[in-house]
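Just so we're aligned, residue 1 is where the sequence shown starts under this note's numbering, counting upward by one.
C-beta: ideal position from N, C-alpha, C; glycine also.
In this text, all values refer to a predicted model and were calculated from it rather than measured experimentally.
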Amino acid sequence: MLLPLLVTARSDDAELAALMSRLAAVPERRVAFTEEQTSSLLDVPLVQSGSLYYRRPDYLERQVGQRRAIIDGERVILDDGQGQRREIGLDDLPLLRAFVASFRALLAGDLEALRRHYRVALDRQGAQWHVRLEPRDARMRAVVSGIEVEGQGDRPERFVLLETNGDRTVTEFRTLQDANE
């Protein structure tokens, strides 16, 4: 009875490794996004649109209007587009850290980093895939219940951050292209 489970686990590992390899093959990405945040503190969802730029291994830039958030390594630089800049460490922002760590590791195809911080599960149907991430760290689990990423081929299309209090952030990528296309 254990043999089918073992074969399935190895098959899942091979499929996950293949997906990570496809993602790792793209060193830069640009994406236009729409993000919807639902919260018990808001009467209506907060919807924002903008662009994201990722460059391997750990650079992520998010722009909404004139405002930019740049995450370079462990630093977060916030620029309001009006001359005000502020720098913060990712350690001071646990929810952002969860988003950033999972998004960067996924885009970099870094399965080791994903597994270090999350329990990782993959569902696939053809070129479509769905990765579920569950935080390993108890402090992170106190804030984030899970992260789900859906995509096709080497392109993430939807990112869902689920908080333990029921709040959620859904980011949909309207257009996603390699930076050098």
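Beta-carbon proximity list for residue i, same chain, < 7 Å, skipping 5 on both sides
i, result
"R124", "E15"
"T38", "P45, D167, R168"
"M140", "P94, A98"
Contact set for residue i: own chain, Cβ-Cβ below 6 Å, skip 5 residues either direction
i, result
"H130", "D123, E150"
"R55", "E28"
"S49", "T34"
"P57", "A108"
"Y59", "D72"
"F173", "V31, F33, E157"
"S51", "A32, Q63"
Rounded separation between residue i and residue j - CA only
i, j, result
"V120", "A108", "15 Å"
"D91", "I71", "12 Å"
"R67", "A32", "15 Å"
"E134", "A101", "12 Å"
"D80", "Y53", "17 Å"
"M20", "D110", "7 Å"
"P156", "D13", "19 Å"
"V160", "T171", "6 Å"
"A127", "G83", "44 Å"
"D43", "V64", "22 Å"
"E61", "T175", "16 Å"
"A113", "A98", "12 Å"
"T164", "G153", "30 Å"
"R116", "A105", "10 Å"
"L41", "L78", "24 Å"
"A142", "R85", "30 Å"
"E74", "E36", "25 Å"
"A138", "V47", "30 Å"
Residue span of the alpha helix (DSSP H) that contains residue i, given as start and end
i, result
"V26", "Run containing V26: none; DSSP gives neither H nor E here."
"L96", "94 to 108"
Distance cut-off 7 Å: residue i Cβ against heavy atoms of the ligand GDP
i, result
"R68", "The ligand GDP is absent from the structure shown, which contains no ligands of any kind."
Endpoints, the beta strand (DSSP E) within which residue i is located
i, result
"R68", "67 to 72"
"V47", "46 to 55"
"A121", "118 to 125"
"G81", "It is not in any beta strand (DSSP E) - G81 carries neither H nor E in the DSSP assignment."
"L60", "59 to 64"
Cβ-based neighbour list, residue i, same chain, cut-off 8 Å, excluding 5 preceding and 5 following
i, result
"L162", "V144, S145, G146, I147, E148, R168"
"V76", "A69, I70, E87, I88, G89, L90, L93, L96"
"Y118", "S102, L133, E134, P135, R136, I147"
"A17", "L111"
Item to check | 4-residue-minimum alpha helix (DSSP H) runs that sit fully inside the segment 133 to 157, ordered along the chain | outcome: Within the segment 133 to 157, complete alpha helix (DSSP H) segments of at least 4 residues are found at 138 to 141, given in chain order.
Checklist entry - How do the segment 16 to 27 and the segment 141 to 149 stand: do at least 3 beta-carbon pairs fall below 8 Å, yes or no? => result Output reads no: the segment 141 to 149 does not touch the segment 16 to 27.
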